[in-house]
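The numbering used here applies: residue 8 is where the sequence shown begins, and numbers increase by one. Every residue gets a Cβ at the ideal spot worked out from N, C-alpha and C, and that includes glycine.
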Amino acid sequence: MDSVDLNVLRSVLEWRRAGQRVVLFTVVQTWGTAPRPPGAMLALREDGVVIGSVSGGCVEDDLIARLHDGRIPADGPPVQLITYGVTREEAARFGLPCGGTLRLTEERVGDPQWVAELLERCEAHEIVARELTVANGNVVLTPASKTDALVFDGQVLRAIYGPRWRLLLIGAGQLSRYVAEMARLLDFEVLICDPRKEFVYGWEEQHGRFVSGMPDEAVLSIQTDERTAIVALTHDPRLDDMALLTALDSKAFYVGALGSRVNSQKRRENLAQLGLSAEAIERLHGPIGLHIGSHTPAEIALSLLAEIVAIKNGVELRQKKPQ
Numbered sequence: 008m009d010s011v012d013l014n015v016l017r018s019v020l021e022w023r024r025a026g027q028r029v030v031l032f033t034v035v036q037t038w039g040t041a042p043r044p045p046g047a048m049l050a051l052r053e054d055g056v057v058i059g060s061v062s063g064g065c066v067e068d069d070l071i072a073r074l075h076d077g078r079i080p081a082d083g084p085p086v087q088l089i090t091y092g093v094t095r096e097e098a099a100r101f102g103l104p105c106g107g108t109l110r111l112t113e114e115r116v117g118d119p120q121w122v123a124e125l126l127e128r129c130e131a132h133e134i135v136a137r138e139l140t141v142a143n144g145n146v147v148l149t150p151a152s153k154t155d156a157l158v159f160d161g162q163v164l165r166a167i168y169g170p171r172w173r174l175l176l177i178g179a180g181q182l183s184r185y186v187a188e189m190a191r192l193l194d195f196e197v198l199i200c201d202p203r204k205e206f207v208y209g210w211e212e213q214h215g216r217f218v219s220g221m222p223d224e225a226v227l228s229i230q231t232d233e234r235t236a237i238v239a240l241t242h243d244p245r246l247d248d249m250a251l252l253t254a255l256d257s258k259a260f261y262v263g264a265l266g267s268r269v270n271s272q273k274r275r276e277n278l279a280q281l282g283l284s285a286e287a288i289e290r291l292h293g294p295i296g297l298h299i300g301s302h303t304p305a306e307i308a309l310s311l312l313a314e315i316v317a318i319k320n321g322v323e324l325r326q327k328k329p330q
């Protein structure tokens, strides 16, 4: 789950603990072109303050109006279903593109203990399913896996929370800090490996979790799978190539290394001399990132993550990088 959803839940917990009434809206189904995916959340406080988004605009205005005009009574049912954009006129009114339709749960948050537990388990890097029963508003938290997706059968909403994509950064230098901060906003669990103790200072837990050992050991210890990206950013071939030798033979969906085109070619030649197969070397992304004319660390991080997200989402990259 991305940082927006985490902030929604943190606000829900804070508001309820302060004794304020809160209604939580969750997108459960979409038809046509929808601006926000199933699972997107918005919390509405009793005074009209909101956090989060379910449509990116006009639907939010109507949700606030529902509170002020009495369509959300304090003594109403614990959960209701709301649909926006059924007709072309409604879609135009609420700013839904191409006749899109949204279905939401409107949930009055009672005891916030499940919110606290959910946040705690997400911070512990667990993947959690929240099962909400529409008839009575009961919430049950259960373990989930990376491949699970939101399911709604009209009676029970099963929404998935927690990091389902991982990014392992080899190196804890300045560029890695920018990459880590952006990656967390994109729903990645960030892992860092850097045996050089001089580079560890200033990293906070919320930016990523350190994996001990040498780079090749880190790649093995995290049990790399098809939802893992690995990027070597130290500029030191003794560390970067150590990680790449293991990562390129793993199931990682993306493996890249920082360096110019000339240095990337030299790296490929070195990896071949170290015994890595041509097929494995072909998987290496280097130079990393999409060509956007980046120069600063923040721009390089943006370029890198744009490439990783595109591959994660199955987008064919046709853009050629400069020679």
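A straight line joining the alpha-carbon of E114 with that of L139 spans about 9 Å.
Assignment of beta-bridge partners to Q87 by DSSP yields E113.
A123 and R245 have their C-alpha atoms spaced approximately 43 Å apart. The Cβ atoms of W121 and K319 lie no closer than 8 Å to each other. For G321, the number of other beta carbons within 10 angstroms of its own is below 16, and it is reported as exposed. Counting the other CB atoms within 10 Å of its CB gives P294 a total of 16 or more, which places it among the buried residues. Ranked by Cα distance from Y168, the first of T235, G180, F159 and K153 is K153. According to the DSSP assignment, W172 belongs to the beta strand (DSSP E) that extends over W172 to I177. The residue among A264, Q230 and A259 with its C-alpha nearest the C-alpha of V238 is A264. Looking from the CA of L291, the closest CA among G300, S257, L309 and A308 belongs to S257. Within the region 33-57, the complete beta strand (DSSP E) runs of at least 3 residues fall at 48-52. Residue pairing by DSSP puts R137 in a beta bridge opposite L148 and A166.
Under the DSSP assignment, T303 falls outside any beta strand (DSSP E); it carries neither an H nor an E label. The alpha-carbon of E133 is positioned some 9 Å away from that of L125.
Straight across, the Cα-Cα distance linking A47 with G55 is about 19 Å. Between the alpha carbons of R24 and L192 lies a distance of about 26 Å. Of the residues assessed, D232 falls on the exposed side of the cut-off, its CB having fewer than 16 other CB atoms within 10 angstroms.
The shortest CA-to-CA distance from S18 to any of S310, P44, G220 and G59 is the one to G59. Remark: fewer than three beta-carbon pairs, one from each stretch, lie closer than 8 Å, so the region 208-225 and the region 277-288 are not flagged as touching. Look at H132 here: in three-state DSSP terms it is coil, with no helix or strand label. For V66, the uninterrupted alpha helix (DSSP H) run begins and ends at C65 to H75, by DSSP. V147 and V116 have their alpha carbons spaced roughly 13 Å apart. From the listed residues V34, L109 and L174, the smallest Cα separation to F260 is found for L174. CA-CA distance, S271 to D68, rounds to 51 Å.
Nearest neighbour of L74 by Cα position, chosen from V34, I299 and V29, turns out to be V29. In this structure F32 is buried. Its beta-carbon is surrounded by 16 or more other beta-carbon atoms within 10 angstroms.
In the three-state DSSP reduction, I318 falls in the helix class (H, G or I). Membership of E196 in the beta strand (DSSP E) is indicated by the continuous run F195 to C200. The C-beta of S267 has fewer than 16 other C-beta atoms within 10 Å across all chains shown, which makes the residue exposed. A Cβ-Cβ distance of about 7 Å is found for the pair V163 and V141, placing them in contact under the 8 Å criterion. Taking the Cα positions, N143 is about 42 Å away from L312.
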